[in-house]
Structure formats: structure tokens, C-alpha cells
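Notes to accompany the following structure.
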Amino acid sequence: SNWYIKLARIAGKKFKAPNEFKKEDYRLTLDFLGWDLAPREVNAAPMLGMVLGLIVAIPIILFIGLGFFLGIGFVPRGEMMYILYLGLPSMLIPFMFSMYLQNYPVSSANNLKMKSITFIPEIVNYMVMSMKLSPNLEKAVDFAANHGRGKIAEDLKEITWKTKIGEYNTIEEGLDELAYKWGNYSDEFKHALMVIRSSVIEVEDAKRDALLDKAVYDTLEGIKENMGKYAAEMKQPSIYLYYVGVLLPLLLIDRKSTRLNSSHTDIARMPSSA
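In this note's numbering, the protein residues as written are 80 to 353.
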């Protein structure tokens, strides 16, 4: 992510771009990632991507064009098939660079979200373990922060620190903010935090333990369901990649083989000289 931040800041200096986001998702994404970037810099990054893509694409297109018209390089002269399979995709490189930089913050947030979600059951379990030993939210948050992994564990450490320095009046205030922050990405984690927080006011140990056990169970079931949906969403793009990355090259090879076999057949049919 450091390379993107540097690139976006360079783009913000080189290109004029609006200093506001058309979509609220980008502002939420930057807040979630903690990237110190102005809207102008993020909006200018795709422009720089277009320029970099042109720098890469133009030499490739020229090389293919020289091969097509003059027979220079690996492209046979007048061979339209190579123009279709190599030239046209090369023209898309600038747009691909631009789209990649445009979508990079959102995709980075989604990747971080998916990695963090895998650690949610662990975080919740650590908090529940601590609460069962001692119904104290401060100790539970501190225990999960020190033993957990991922961005949520880092956020818990930040909550502990902000509570100690007085930025949060209570640990509950920090947990509310954490629940709001992650609620858009993991509703089950938000629900688990609310259950763990409310368990403090439960007087009977048995009822409190039942609430905490339910928080762990609901979290596991929610994560399992979300992972199933994510796997289903990944299936369709994989099919497209198979078509583009496997079938198209095979068709190209098959066509070339057919032409070679046809040439060999024609040579074999030619009458031999006496």
C-alpha cells in the first residue's frame, strides 16, 4: 500500500482532479485503511495510471505494427490473427492501468477485510475467555489485543491506548466505535461485541456464560456463511479467467497447427520433378 500512497501523492501534484469523492465508499475506505490521502490525490491516481499504461503500450503496439507491415520481429507480415490477439489487448493496457489504480483502495480494503474476518472468531473467543474468568471489559479487550491477530487486534490496542489517555471516557465507548467501523464488513462481529458488552450487567454467572457462548456460536456460523458466499462469488471470475487464459491460447495454437498441417499436405501433393 505504501507504493500506492506515494504514487497518488505524485499524481495529485501532476494532475488537476476534484478534491471530493463522487462516492462515499472511497472516504469510508480511506478511513478504514488509515491512509492519509486527500480526495484530489486519489482521483488523480487513475490519470497517472493512464499515462504509465501508454508508456508501456505504445512500444508494444509499434513493434506489432512493424511486424505486421514490414515483417520485423516475431509477427509475420500481413498476419491479421496476431493483430487481433496481441494488438487489440495491448491497446487496453492504459485503461487497465487506470482502472487498477482507481479500484485499488477499495480492493485493498476488501482484501484486508477478508483477512481480518478470518481472525474474528479468534478475537471473540479471546474476549469470551477473559470475560468468563473475570467479567471486566478492559481486561477482555486488553487480552484479545495482545493475543489476537490482524487489523482488529490492532484496533483493540488502539482502543486500550485511547482509553488510557482519556480520548475515550470508557472502554464501552471505544467498543461502540469499533462495532460501527466493522459493522459494514462483519455484522456478526458487531453483534458479538454488543453481546459481550451487555454480558457485564448480567448478575448470574450461568446466564452470562450462556450469552458469551452464544456470541461465539453466532460468530462462527456467520463467518462460515460469509465464506460460502465469497467462494461462490469467486467461481464466476475463475471461469472467465479459464476462457481467456487457457482456451484462447489453445485456439491460437490449434489454428496455427491446422495451417501448418495444411501447408505440409499441399507440399506432399505437389508432383515430384522427374
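Glycine residues also receive a C-beta, built at the ideal position from the N, C-alpha and C atoms. The structure displayed is predicted, hence computed values, not measured ones.
### Task
Check each candidate in LYS241, GLY245, VAL203 and SER265 and name the one with the smallest Cα separation from ARG276.
Relative to the Cα of ARG276, the nearest Cα in the group LYS241, GLY245, VAL203 and SER265 belongs to VAL203.
### Query
Which ranges would you report for the alpha helix (DSSP H) in the region 184 to 237 if only whole runs of at least 4 residues count?
Unbroken alpha helix (DSSP H) stretches of 4 residues or longer found wholly inside the region 184 to 237: 199 to 212 and 216 to 226, given in chain order.
### Query
Just checking my contact of PRO200 with LEU86 at CB under 8 Å: how many whole Å lie between their CB atoms?
Not quite, the Cβ-Cβ distance comes to about 36 Å (not below 8 Å), so this is no contact.
### Distance between VAL295 and ASN190 (C-alpha atoms, nearest Å)
Their backbone Cα atoms lie some 24 Å apart in a straight line.
#### Entry: 7 Å CB neighbourhood of ILE172 in its chain, flanking five on each side removed
Once the five neighbours on either side are set aside, the close Cβ partners of ILE172 are GLY132, VAL135 and ALA136.
### Message
Could you tell me the alpha carbon to alpha carbon distance between ALA232 and LEU272, rounded to whole angstroms?
### Response
When rounded, the distance between both Cα atoms is 13 Å.
### Query
Pick from SER169, LEU235 and PRO214: whose alpha carbon is nearest that of PHE198?
Of the candidates SER169, LEU235 and PRO214, the one whose C-alpha sits nearest the C-alpha of PHE198 is LEU235.
### Three-state secondary structure (DSSP) of THR249
In the structure shown, the three-state DSSP call for THR249 is coil.
#### Entry: Where SER265 sits in the DSSP three-state scheme
Assignment of SER265 by DSSP, reduced to helix, strand and coil, places it in the coil class.
#### Entry: TYR321 to SER195 span [Cα, whole Å]
The predicted position of TYR321 is uncertain, since its pLDDT is 48 and thus under 50; no value can be drawn from it.
### Query
Does MET193 get closer than 8 Å to chain C when you measure Cβ to Cβ?
No chain C appears in the structure shown, which is made up of a single protein chain.
#### Entry: Assigned secondary structure, ALA117 (DSSP; H/G/I helix, E/B strand, else coil)
In the three-state reduction of the DSSP assignment, ALA117 falls in the coil class.
### Query
Between VAL121 and PRO184, is the Cβ-Cβ spacing less than 8 Å?
In contact: VAL121 and PRO184 (Cβ atoms closer than 8 Å).
### Query
Which of helix, strand or coil does DSSP assign to VAL130?
Annotated three-state conformation of VAL130 is helix, per DSSP.
### Query
Excluding the five sequence neighbours on either side, which residues of its own chain have a C-beta within less than 7 Å of the C-beta of LEU257, listed in chain order?
Beyond the five residues adjoining it in sequence on each side, LEU257 comes within less than 7 Å, by CB distance, of ASP234, ILE238 and LEU272 in the same chain, given in chain order.
#### Entry: 8 Å contact criterion, which GLY253 and TYR247 should meet: CB distance rounded
So it is a contact: roughly 4 Å between Cβ atoms.
### Query
Excluding the five sequence neighbours on either side, which residues of its own chain have a C-beta within less than 7 Å of the C-beta of LYS230, listed in chain order?
Within the same chain, LYS230 has close Cβ partners LEU191 and SER195.
### Message
Buried or exposed for GLU267, going by 16 or more other Cβ atoms inside 10 Å?
### Response
It counts as buried.
### Task
Specify, as a first and last residue, the run of the alpha helix (DSSP H) that PHE111 falls within.
From DSSP, the alpha helix (DSSP H) with PHE111 extends over 103 to 112.
### Task
Given a cut-off of 8 Å, decide if PHE100 and PRO118 are closer than it, judged by their beta-carbon atoms.
In this structure, PHE100 lies closer than 8 Å to PRO118 by Cβ.
### Query
Roughly how many angstroms separate the alpha carbons of LEU290 and LYS93, rounded to a whole number?
Between LEU290 and LYS93, the C-alpha separation is close to 56 Å.
### Query
Excluding the five sequence neighbours on either side, which residues of its own chain have a C-beta within less than 7 Å of the C-beta of ILE84, listed in chain order?
Around ILE84: TRP114 and LEU116.
### Task
Please state if the CB of TYR179 and the CB of GLY128 are separated by a distance shorter than 8 Å.
In this structure, TYR179 lies closer than 8 Å to GLY128 by Cβ.
### Query
What do you get for TRP82, buried or exposed, if any count of 16 or more other CB atoms within 10 angstroms of its CB means buried?
With fewer than 16 other Cβ atoms from the protein chains shown falling within 10 Å of its own Cβ, TRP82 counts as exposed.
#### Entry: Terminal residues of the alpha helix (DSSP H) in which LEU86 lies
Residues 81 to 93.
### Task
Return the chain-ordered list of same chain residues with a C-beta closer than 6 Å to the C-beta of ALA188, the five sequence neighbours on each side being excluded.
Excluding positions up to five away in sequence, the list reads THR108, PHE111 and LEU112.
### Task
Can you tell me the Cβ-Cβ gap for LEU69 and GLU251, rounded? I've got them flagged as a contact below 8 Å.
Since the displayed the chain opens at 80 and closes at 353, residue 69 lies outside it and no answer follows.
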